[in-house]
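Notes follow the structure.
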Amino acid sequence: PIGHAADGAITALAARGDGLIAAATARGVSVFGADPASASAIAARGVEVLAFDPRGGWLAAAGKDGPVRIWSLAAAPAQLATLDGPTNNTRVIAVAGDHLAAGGDDGDVRLWTRLDPASRIAVTRHAGGVTALAFDPTGRWLVSTVRDHHISRSPLGGAPSSITVPDAVASLAIAPDGT
4 PIGHAADGAI TALAARGDGL IAAATARGVS VFGADPASAS AIAARGVEVL AFDPRGGWLA
64 AAGKDGPVRI WSLAAAPAQL ATLDGPTNNT RVIAVAGDHL AAGGDDGDVR LWTRLDPASR
124 IAVTRHAGGV TALAFDPTGR WLVSTVRDHH ISRSPLGGAP SSITVPDAVA SLAIAPDGT
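The opening position of the sequence shown corresponds to residue 4 in this note's numbering, with each subsequent residue numbered one higher.
This is the structure we're talking about:
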C-alpha cells in the first residue's frame, strides 16, 4: 500500500489512463502500476502537486519551494528539467501536448513549451493565488481560476479575458467538447 504509516500522509496523487499512479508523501514520490511492490522512487520532497505527461514520458512534481521538476518515467527515473515555477508554493499544474502550465500563491500562471526552461512565459498575473488550471481539449487555450474570484481564459500566446464570479473557485474541468 502507499501512504502507510512509515511514509506518512499522501500529499499529492496523479493517475494516468493506463493505470500508472504517482503518490507523494513526506519521504518522496512513488510511481507504480498494477504491482505496488515494483514502485519506482523519485527523490523529491515537499511535493504537493503531480501531473503526468499525457503521452507517458514524464512526471511533473512541485510544491512549496516553487520550481516544477520534471522526472523521466524510465526504469530508473531521472530528473530531466527544473522549471522556474511560482515564487512560492506551486499549487496547480496542467499539461497538454507540448505545454505545461503552473500556478501558485504568487498569482502568476507560467507556461512552458517542450519542457524548455527558456521557453517560459507569464500567461496571466492574478491578484490572488491560483487555485486551478486546465487546458481546453485542443490545447490552444488555458483557463485559470484564482482566490480573487476571477476566471481567466488565455489563448496560448494571446491576451487573456476574464470574468468575476461571486465565490472563489477551487477546481476546474473542461469537457471534451470544450464546455
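By construction, the Cβ of each residue, glycine as well, lies at the ideal position given by its N, Cα and C atoms.
Please read all numbers here as calculations on a predicted model, not as lab measurements.
query: Between which two residues does the beta strand (DSSP E) harbouring P169 extend?
result: Taken as a continuous stretch (DSSP letters only), P169 belongs to no beta strand (DSSP E), as it is neither H nor E.
- prompt: Who are the near neighbours of G88 in its chain, counting only those whose CB is closer than 7 Å to its CB and skipping five residues on each side?
  reply: A65, G69, P70, V71, A105, G107, R113
task: Enumerate in chain order the residues of its own chain whose CB-to-CB distance from A78 is below 7 Å, with the five nearest sequence positions on each side excluded.
output: none
message: Pop quiz: D56 and V95 are said to be a contact at Cβ under 8 Å. What is the actual Cβ separation, rounded to whole angstroms?
response: Not quite, the Cβ-Cβ distance comes to about 16 Å (not below 8 Å), so this is no contact.
- request: Determine the direct distance from the alpha carbon of G160 to that of I124, and round the result to whole angstroms.
  value: 9 Å
field: Among P140, T141, L136, R143, nearest to H153 - alpha-carbon criterion
entry: L136
query: Excluding sequence positions up to five away, which residues of its chain have a Cβ less than 7 Å from the Cβ of R128?
result: If we look at R128 and ignore the five residues flanking it on each side, its Cβ neighbours are G110, D111.
- prompt: Do you know offhand how far V50's Cα is from G142's?
  reply: Cα-Cα distance, rounded: 26 Å.
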